Every structure is written in C-alpha cells, then in structure tokens.
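Following my numbering, the numbering of the sequence shown begins with 398 at its first residue and continues without gaps.
We put the beta carbon where it would ideally sit given N, CA and C, even for glycine.
Since the structure is predicted, the reported quantities are computational estimates derived from the model, not experimental observations.
Read the structure below first, then the notes.
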Amino acid sequence: MSWWPFRRRRRPGSSTEKAGAAGTRMVQGRRFAAGVPYVLPKDMQEVNRLDFQHFMLRQVRRGNFEAPVREPHDVLDLGTGTGRWAIEQALIWPNSNVIGLDVVPPPIDAGADQQNIRPPNYVFVPGNILEGLPFNDASFDYVHQRMLVGALPRDRWPGVIQELLRVTRPGGWIELVEAGSAYGGGPALATLNEWGISAAASRGIDIAMGAQIGSMLQSGGAANVAAHEVFMPLGKRGGRVGLMMEANYFSALENIRPLILKMGLTDEATHTATLAQARREVAQQRSGVTYYVAIGQRPSA
Ligand SMILES: C[S@@+](CC[C@H](N)C(=O)[O-])C[C@H]1O[C@@H](n2cnc3c(N)ncnc32)[C@H](O)[C@@H]1O
398 MSWWPFRRRR RPGSSTEKAG AAGTRMVQGR RFAAGVPYVL PKDMQEVNRL
448 DFQHFMLRQV RRGNFEAPVR EPHDVLDLGT GTGRWAIEQA LIWPNSNVIG
498 LDVVPPPIDA GADQQNIRPP NYVFVPGNIL EGLPFNDASF DYVHQRMLVG
548 ALPRDRWPGV IQELLRVTRP GGWIELVEAG SAYGGGPALA TLNEWGISAA
598 ASRGIDIAMG AQIGSMLQSG GAANVAAHEV FMPLGKRGGR VGLMMEANYF
648 SALENIRPLI LKMGLTDEAT HTATLAQARR EVAQQRSGVT YYVAIGQRPS
698 A
C-alpha cells in the first residue's frame, strides 16, 4: 500500500509475516488466542459482545475518543479486537492512516465478515504488544488502547506504557480506556467477580489495574495527563444503560467461564446458578461498573 509509512521491525528468528501473530486453541469448547495470557475468547460470541460494548460506550461517552486530536495523520489502535473502533475512525477521518493491531485478526480481516466496509485508509497488522510493537519510534500522532486489562500481566504495564510512548510522536496523544469489576449487587455477583479475578491472577493479570491508567501514564512520563471515571449502572434499576451494561457484563462473565471451569474453581451447574442469582441481585440492589479513561501526551522534544 502506497501510504504505508513504517518499516516493520524484524525479530531475530521470526518472519515478518509471523511476528507477533498468535494462533488459537480450544478451552472447554470455546476458542481462545494461544501464546498470550489474555483471558477472554476469540470467537463470534465474544466478537458480538465487543461490538455491543463498543456501541454502548460510544453512546454513553458521546463519541469514540476524548484526546484533543483533529484528523491525526497516523493512528494506532492497540488490541483492536473486532476492528470496529479503528474502522469507524478511518471512515470519520478519511485523510488519516489507521492501523489496528491485535494477536488475532478481526473478522473483517480474516474474511469472516462480508457485511461491513473496509475503508482503504484502515489496515490490520498482526502483533503482540507483550513482544514490543513492530513500528519505528515516533510513528503515530494518536495511539488508542481500550480494554486490554484482561490481556496485560500486572508487571508488564509499565513496559507497555513505555512502548506506547515510544511509537507516539512528540506532542502526539495516547488514550487508554479500561473497566473494573462490578460493584454492589450481592454475594452471587461478588462470587462471580472473585472467580474472574482468580482466573486472571493465575496468568499474572490484575483486573484492578484499569483504575491506575492515569497514574501509570503520569509515572511513565506522559505530559498533560487527564483521567476520569465513567459510572455505568448495572441492571434494570439503571434504565436503558443499566440493561445494556447488564447484557455486556454478564456476557463477559459467561465468556470467562471456560477458564474458571478449567481451573476447577467451580462446576458448570454452580456457575450457571450463580449467574442467574447475580442477575436477580442487580435487578434489586444498586450495582454498577466503573470505566476509566486517561489521556496523555508524549512530551515535545
Ligand atoms: C477486550 S478486547 C478489546 C478489543 C477492542 N479494543 C475494544 O475495545 O473493543 C482485547 C483485545 O486485545 C487483544 N489482545 C490480547 N492480548 C494481546 C497482546 N498481547 N497483544 C495484542 N493484542 C492483544 C485480544 O485479541 C482482544 O482482541
């Protein structure tokens, strides 16, 4: 492609094609990315949840981003998932070059989605953020990373922030968006959260790191850091948004179940009953999920 502005970095012993790309493996009948600690599946059920969450967040946040950027020239979306965010930004910013990076290609790049338009200024690049990004220093004006808390071991966060800063141009912006575990509800919701936290912890992942994205950007050396929280109600007490959030959160709880069962933390029948009880709890008692948003700038040279 003629606009491609970067040189891919070759890693010793791996071809450019294979660098960073992961295969998949089955766990309890669901397909997961292989070779990375990521805790959620990579199948159409999870693709649908991620798309649903994308549309919900776009509506609640009144847009896809908060950094003060205007049609940035080169844009990177890390852990692009379904590619929905990257593709929308490529359509909204026709003069931008938008790259989505992930260990597994989005359906539109894997030939599994004939419905959606693939804009010419969007490109997918396979890569594993835990192996370093295949881009030169200062390649992007805007780097976006959303919902990677279930993918990044606690002790890898500082290195990942440095990698984001490295590929961002001086004066360019980084935007991070994460979520925490649900609060409120009752004992069944608390049990589901504990199982999820244990499954993640077995891979070195700390779900609570999402709350620290602002402070991590700050301590990593970003300038003009601003962070805020978005409170999302859970359950019908929270109206339309509460019902959307319930659909999203309980789908995520179902999707992490294969790892919980594989670890022997509970059995399928108990998990199913606990999910049903937690749904009753959020219908009756106050509960919610906090999303965290942080932006920061690579200091000008
Ligand atoms: C929860 S999804 C979020 C997707 C998208 N950012 C969104 O907000 O809809 C996390 C994504 O990170 C990807 N991922 C997990 N580990 C990764 C890694 N080490 N390097 C790059 N991407 C990774 C997964 O394949 C998945 O698509």
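Asked                                                                                                                                                 : Found
Per DSSP, what are the beta-bridge partners of G428 in this structure?                                                                                : Reading off the sequence, residue 428 comes out as Arg, not Gly. Per DSSP, M423.
Look at the Cβ atom of D474, then the Cβ atom of H541, and state whether they are nearer than 7 Å.                                                    : yes
Could you tell me which of A698, N590 and V622 sits nearest to I657, measuring between CA atoms?                                                      : N590
May I ask whether a heavy atom of ligand 1 can be found less than 6 Å away from the beta carbon of N513?                                              : no
Let me know the beta strand (DSSP E) ranges lying completely inside the region 463-491, each 3 residues or longer, listed in chain order.             : 471-475
Go ahead and pull the three-state DSSP assignment for P630.                                                                                           : strand
Have a look at I653, G581 and P555 and flag the residue whose alpha-carbon is nearest the alpha-carbon of S612.                                       : P555
Could you spell out the range, first to last residue, of the beta strand (DSSP E) harbouring V690?                                                    : S684 to Q694
Do R677 and H668 have their C-beta atoms within less than 7 Å of each other?                                                                          : no
Check whether the region 518-529 and the region 499-506 are in contact - that is, three or more C-beta pairs closer than 8 Å.                         : yes
Measuring alpha carbon to alpha carbon, tell me which residue in E560, L662, G508 and F537 is nearest I594.                                           : L662
Below 6 Å, is the gap between the Cβ of R654 and the nearest heavy atom of ligand 1?                                                                  : no
With which residues is Y539 paired in a DSSP beta bridge?                                                                                             : V472 and W570
With DSSP run on the structure shown, which of helix, strand or coil describes F521?                                                                  : strand
Can you tell me where the alpha helix (DSSP H) with N645 in it begins and where it stops?                                                             : G636 to N652
Near A431, what residues of its chain come up, given a Cβ to Cβ distance below 8 Å and the 5 sequence neighbours on each side ignored?                : A419, G420, T421 and R422
Going by the DSSP bridge assignment, what does Q576 pair with across the sheet?                                                                       : In the sequence as displayed, the identity of residue 576 is Ala instead of Gln. For A576, which the question treats as bridged, DSSP gives the partners Y688.
Using 6 Å as the cut-off, classify the Cβ of D499 as near or not near the heavy atoms of ligand 1, replying yes or no.                                : yes
Using the rule of at least 16 other Cβ atoms within 10 Å of the residue's Cβ for burial, across every protein chain shown, is R407 buried or exposed? : Summary for R407: the model assigns pLDDT 41, below 50, so the residue's position carries little reliability; its value from the coordinates is reported in the next sentence. The residue is exposed, with fewer than 16 neighbouring Cβ atoms inside 10 Å.
Pairs of beta-carbons, one from the region 454-464 and one from the region 424-441, closer than 8 Å: are there three or more?                         : no
From the DSSP output, read off the bridge partner residues of N494.                                                                                   : D471
Between which residues of its own chain and A605 is the CB-CB distance below 7 Å, once the five residues before and five after are set aside?         : G577
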